[in-house]
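Peer 1: Got a structure for you, questions after.
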Amino acid sequence: MLTLKVHHIGYLVKKIDAAIRSFETLGYRIIQETTYDDIRKIDICFMEKDGYCIELVSPVSEESVVYGLLKRYKNSPYHICYETEDFEKDYQTLLTSGFIAIDEPTPAPALQNRKVTFLTNASMGMIELITDCRS
Ligand code: NI
């Protein structure tokens, strides 16, 4: 059994400040101001509404891991992130259940350096896996 809980929905956005203002219009509030992730070359901001957490992700340079994705998908949601109580066990289970690793698990500066990784599945696309606060 996996021990997953939905943590956030990731949005690709071209202009993060403009996106924040638009989400504020809908009633979202900032729960973590924009920070720069030097590993992935992206700006990240977290917002919340009705218990739903969204992550706005904007590439800062063409070397960013999401630069190509933004060109392809434009402004759009692109992953759901799942928090796990047992990263290694759930990661291995996913790898034997039709999910393919996209990257190596690495610390996320915007999320208390918790370990994160991305996987993809032929029938549902990309997901993100993150250690929970206690791991
Ligand atoms: Ni994410």
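In this note's numbering, each number is its position in the sequence shown, counted from 1, plus 52. Backbone N, C-alpha and C define an ideal beta-carbon position, used for all residues, glycine too. In this text, all values refer to a predicted model and were calculated from it rather than measured experimentally.
1) If I measure Cβ to Cβ from L121 and keep anything under 7 angstroms in the same chain, skipping five residues before and after, which residues do I get?
2) Given this structure, state the Cα-to-Cα distance separating V58 from V109, to the nearest angstrom.
3) Can you find at least 3 beta carbon pairs, one from the region 165 to 180 and one from the region 124 to 141, that sit closer than 8 angstroms?
4) Applying the criterion that 16 or more other CB atoms from any shown protein chain within 10 Å of the CB defines a buried residue, is Y143 buried or exposed?
5) Rounded to whole angstroms, how far is the Cβ of I82 from the Cβ of C97, which I believe are closer than 8 angstroms?
6) Comparing C-alpha positions only, which one of L56, D95, D90 sits nearest to A71?
7) Taking just the CA atoms, how far does R73 sit from N190?
8) Can you list, in chain order, the residues of its chain whose CB lies under 8 angstroms from that of K67, leaving out five sequence neighbours each side?
9) What are the boundary residues of the beta strand (DSSP E) that includes Q84?
10) For I72, report the span of its alpha helix (DSSP H) as first-last.
11) Give me the residue from M99, R92, K101 with the minimum Cα distance to F170.
12) Classify G120 as helix, strand or coil using the three-state DSSP reduction.
Peer 2: Let me lay it out:
1) L64, Y130
2) Distance between V58 and V109, taken at the CA atoms: about 18 angstroms.
3) yes
4) buried
5) 6 angstroms
6) D95
7) The requested residue 190 does not occur in the structure, where the chain is confined to residues 53 to 187.
8) S110
9) 81 to 89
10) It spans 68 to 77 - the alpha helix (DSSP H) in which I72 sits, taken as one unbroken run.
11) A check of alpha carbon separations from F170 across M99, R92, K101 identifies R92 as the nearest.
12) helix
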